[in-house]
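K.L.:
For reference, each letter of the sequence shown is one residue, going 7 to 182 in our numbering.
Glycine included, C-beta positions come from ideal geometry on N, C-alpha and C.
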Amino acid sequence: MARNIEIKARIDDFSAMHEKLALLADGLPDIIEQDDTFFICPHGRLKLRTFSPVLGELIFYQRPDKAGPKTSFYQLTETQDPDSLRETLTLAYGTAGRVIKQRTLFMTSQTRLHLDRVKHLGDYLEFEVVLDEDETPEQGIAIAEDLLEKLGIGRQELVDQAYVDLLNAKGKHHQD
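1. Using 8 Å as the threshold, is the stretch 56–72 in touch with the stretch 80–89, meaning 3 or more CB pairs across them?
2. Which word fits G146, buried or exposed, when buried means at least 16 other C-beta atoms lie within 10 angstroms of its C-beta?
3. Going straight from the alpha carbon of D36 to that of M23, what length do you get?
4. What is the DSSP secondary structure of M113, reduced to helix, strand or coil?
5. G103 and V170 - do their beta-carbons sit closer together than 7 Å?
6. For Q167, tell me which candidate among R118, M7, D71 and A31 has the shortest Cα-Cα distance.
7. Which value, in whole angstroms, describes the spacing of the CA atoms of H120 and L52?
8. Can you look up T85 in the DSSP assignment and give me helix, strand or coil?
9. Among all the DSSP beta bridges, which residues are the ones paired with V165?
Here is the structure:
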C-alpha cells in the first residue's frame with residue numbers, strides 16, 4: 007500500500023491561508039468538489055469519494071487518530087459508476103457517515119496541501135506528504151513540521167479526528 011504523512015488543522019481565516027498556500031505552491035490550485043460516503047469497516051476506513059456521476063474512487067486507509075503528523079497507509083480503486091457502487095457497499099456494510107466538501111488542492115514538491123470547506127463543519131487545512139518507497143516516516147514528518155512552521159499553525163489548531171468523526175460527534179450523520 008502507498009503511504010503518506012498527514013496533518014489536519016482547523017483554520018479561522020480561509021482567505022489568509024489561501025494566500026499563504028499560494029506563495030508556497032508549485033502552481034495554481036485545483037478546486038475539487040468531493041462527496042465522501044464512509045462505510046462500516048472494522049480494520050480501518052473505507053470510503054467512496056464521488057467527483058461526478060461517472061468518476062469516483064474507493065479508498066481504504068488505516069491511520070491513527072492523533073493530532074500532529076501521522077502515517078497513513080492507503081489503497082485506491084477508481085470507479086466509473088460511483089452511485090451503483092455506493093448502493094452495493096451500503097447494502098453490504100452499512101454507512102458510517104458522509105462528508106461533503108470543496109477542496110482547494112495546492113501542490114508543493116511531494117506534498118498535497120488541501121484547503122477544505124467542509125459542509126456543516128467549517129474550514130480546515132490538511133497536508134499529505136506522499137512518501138516514496140525508500141523514504142522513512144520520519145522524513146515525511148520533518149517536511150510536515152516544516153510546513154506547519156512556515157504556515158504559522160500552532161499545535162492547538164491541530165485536529166486528531168477524521169471529518170466524518172467530527173460530523174458524527176456534532177450529530178450531522180447525513181447531510182443533504
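P.N.:
Walking through what the data contain:
1. Counting Cβ pairs under 8 Å, three or more are found: they touch.
2. Around the beta-carbon of G146, 16 or more other beta-carbon atoms lie within 10 Å, marking it buried.
3. Taking the straight line joining both Cα atoms gives about 15 Å.
4. Looking at M113 - three-state DSSP - the assignment turns out to be strand.
5. A contact, by the Cβ cut-off of 7 Å.
6. Comparing Cα positions, the closest option is D71.
7. C-alpha separation (whole angstroms): 20 Å.
8. Strand.
9. Bridge partners of V165: none, in fact.
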